[in-house]
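What follows is a short report on a single structure.
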DNA sequence: ACCTGAACACCGTTCAAGT
DNA sequence: ACCTGAACACCGTTCAAGT
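Residue numbers (our numbering), protein chains in the order written: chain A, 1 to 226; chain B, 227 to 452.
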C-alpha cells in the first residue's frame, strides 16, 4: 500500500493560535479588556481553559498577538501618500482609527514596547522619515517621538472610551461631564483649565491628534535651503 | 460642665485616606502594580481588607489617589524657568523623572484622563503656553499634544521597566536584548528597524524625551515677526 | 463612625489524566 | 500531539456583626 497521499486534514473546528486570537479580538471588542478571560474564551471555542495554553504562553502573550493582528492589518491597508509628510499622516490616522475602533489596542500596545506590533509601526514610520531627509543619527529619536505621541493619544482615547462604557453614557456626554467639572474648579488654582473647559467640551479628538502629528512633522522638516 | 475643649485626637495609627495612599505608594514602588493588593495593603496597615473601603471607593480610585499624591509633589517642586519654553521643559522633565522613579504612575495616569492628576499637569503646561503666545483657540490642542506625548513616553518607560523587572535583568541589558532581536529581523521586511537597532541599544530615554518636547515646542513657537 | 474578617464570585495558570 | 477539566492560589468587593 502506498503512503497515504491524502493528508488527514485538521478538524475544521480544531484549535489554533489564529482561531484563539480571532475569538479574543471579538471578546475584547465586545466588552473590553475585562471581557478577555480564559474561561469566556474557552467557552466560546467550546474547549477547556487548559487547551488554550497549548497554543499561547499566557494572557500577555495573547493580548500582544491580538494587537498584532489588528495593527498588521491597519499598516497593510493604509494609503501610500504623495509626500513623506502625507504618508506619515496616513499611517498615524490609520493607527488612530484602529485604536478608536478597538479601544483595547491602545493600552495593550503601551504595555508591549519593542514587541512585534510596535516594530511594524516603527518600520513604517521610519521609512518615511528617511524619505523626509531626517539625518541618520536622529532617526531613532524622531521615530520614537512620533510613536510615543501616537501611543499616548491612543491610550487616552482608550481610557475615555472605557470610562464612558462603564458609566453607561456616550462619549460626548462623558466629555460634557468632565467639562462641567473643570469649569467648577477653583479659579485661583486652575485658571487655565477653566478657560479651556469649553474648548474641551466640543473638541474633536481626531483633529487634535492630527494637529499634534503636524506639530512634530513641522519640527522634523528639513530646514529650507537658501 | 463646659464643653470639652480637648478634642479627642485620632489614634495616631488609625486609618485615613492619606495613610492608605502612602502605604499604597510604598507597595507600588516595591513591586509594581501587581503588588498593590487589598490584602497586602491591609496587612501592612494592620487591619482588614474591608476597612479600606470606608476611606476609598475602589482600587481604581486608590490608584488615582496614589498618582495624584506623586504628581502634585512633582508639579509643586519643579523649577520656574526663565522663558516659557524653559518652564515647559522643566515641567516635562519633572514628570519624566517622577514616572521614572515610580514606574506605575505612567500607566495609572494613562487610564485616568481628565481626572485630578491630569488636570494639575494641564494647568501647569497651559499657563506656560499662554505665556508663549499660543492663541486662545488652539490652547487646548497644544496642551493636549504635550500631555499625550508626555504620558505616551511615561507609559512606554513604565512598560520597559516592568518588563526588565519581570525578566530579572537590568534595563540596559533588556534594551540590548531587544536591539539584538531587531538586528535579526528580515532585512527585506524591516530595513529601517534593523538600521536603527544600534541607535536603540545605546539611546538615552531622557534625552530622547526632551528632544520630542523640543520638537513640539518648535512647532508651537510664534512665528518670528519681520 | 469606623473597623473586622469571613464569604462571594470571580481570576490566570497548572497538571494529571485522557485520546 | 493535542485536549480535558478539576484544582490551586490567588483576586476585588461586600456585608453582617461588632465597638
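C-beta: ideal position from N, C-alpha, C; glycine also.
All of these numbers come straight from a predicted model, not from anything done at the bench.
Listed in chain order, the positions of the segment 112 to 123 of chain A with a beta carbon within less than 8 Å of a beta carbon of chain B are 112, 113, 114, 119, 122, 123. With respect to the 7 Å criterion, residue 64(A) and residue 115(A) are classified as neighbours on the basis of their beta carbons.
Contact between residue 142(A) and residue 134(A) holds: their C-beta atoms lie close to 5 Å from each other, under 8 Å.
Counting only Cβ-Cβ distances below 9 Å, residue 203(A) has contacts in chain B at 366, 367, 370, in chain order.
Residue state for residue 82(A) is assigned as coil, using DSSP reduced to three classes. CA-to-CA, the gap between residue 326(B) and residue 105(A) works out to about 24 Å.
In the pairwise beta carbon analysis, the segment 290 to 310 of chain B is classified as touching the segment 247 to 266 of chain B: at least three pairs are separated by under 8 Å. With a contact defined as Cβ atoms closer than 8 Å, residue 78(A) and residue 57(A) miss out at about 30 Å. Of all C-beta pairs linking the segment 157 to 177 of chain A to the segment 400 to 420 of chain B, fewer than three are shorter than 8 Å, placing the two stretches out of contact.
For residue 30(A), the enclosing alpha helix (DSSP H) stretches over residues 17 to 35. At a Cβ-Cβ threshold of 7 Å, residue 30(A) and residue 339(B) do not count as neighbours. When DSSP states are grouped into helix, strand and coil, residue 382(B) belongs to the helix group. Remark: fewer than three beta-carbon pairs, one from each stretch, lie closer than 8 Å, so the segment 44 to 53 of chain A and the segment 162 to 172 of chain A are not flagged as touching. Between the alpha carbons of residue 206(A) and residue 334(B) lies a gap of roughly 23 Å.
For the alpha helix (DSSP H) assignment, the uninterrupted runs of no fewer than 4 residues enclosed by the segment 297 to 369 of chain B are, from N- to C-terminal side, 310 to 327, 330 to 336, 342 to 358. Residue 47(A) holds the alpha-carbon nearest to the alpha-carbon of residue 16(A) among 35(A), 216(A), 74(A), 47(A). By the Cβ neighbour-count rule, residue 392(B) is exposed, with fewer than 16 other Cβ atoms within 10 Å of its own.
Residue 84(A) counts as buried, since no fewer than 16 other beta carbons sit within 10 angstroms of its beta carbon. Within the model, the alpha-carbon separation for residue 158(A) versus residue 390(B) is close to 25 Å. Chain A places no beta carbon closer than 7 Å to that of residue 247(B), leaving this residue out of the contacts. Residue 422(B): member of the alpha helix (DSSP H) spanning 417 to 428, first to last residue. Boundaries of the alpha helix (DSSP H) around residue 445(B): 431 to 446. When the Cα atoms are used, residue 198(A) and residue 110(A) turn out to be separated by approximately 30 Å.
Membership of residue 405(B) in the alpha helix (DSSP H) is indicated by the continuous run 397 to 409. With respect to the 7 Å criterion, residue 66(A) and residue 21(A) are classified as neighbours on the basis of their beta carbons.
When the Cα atoms are used, residue 388(B) and residue 421(B) turn out to be separated by approximately 26 Å. Relative to residue 82(A), the option among 44(A), 132(A), 209(A) whose CA is nearest is 132(A). Approximately 7 Å separates the beta-carbon atoms of residue 213(A) and residue 88(A); this is inside 8 Å, confirming the contact. Between residue 445(B) and residue 219(A), the CB-CB gap stays under 7 Å. If you compare the alpha carbons of 355(B), 372(B), 366(B) with that of residue 318(B), the shortest gap goes to 372(B).
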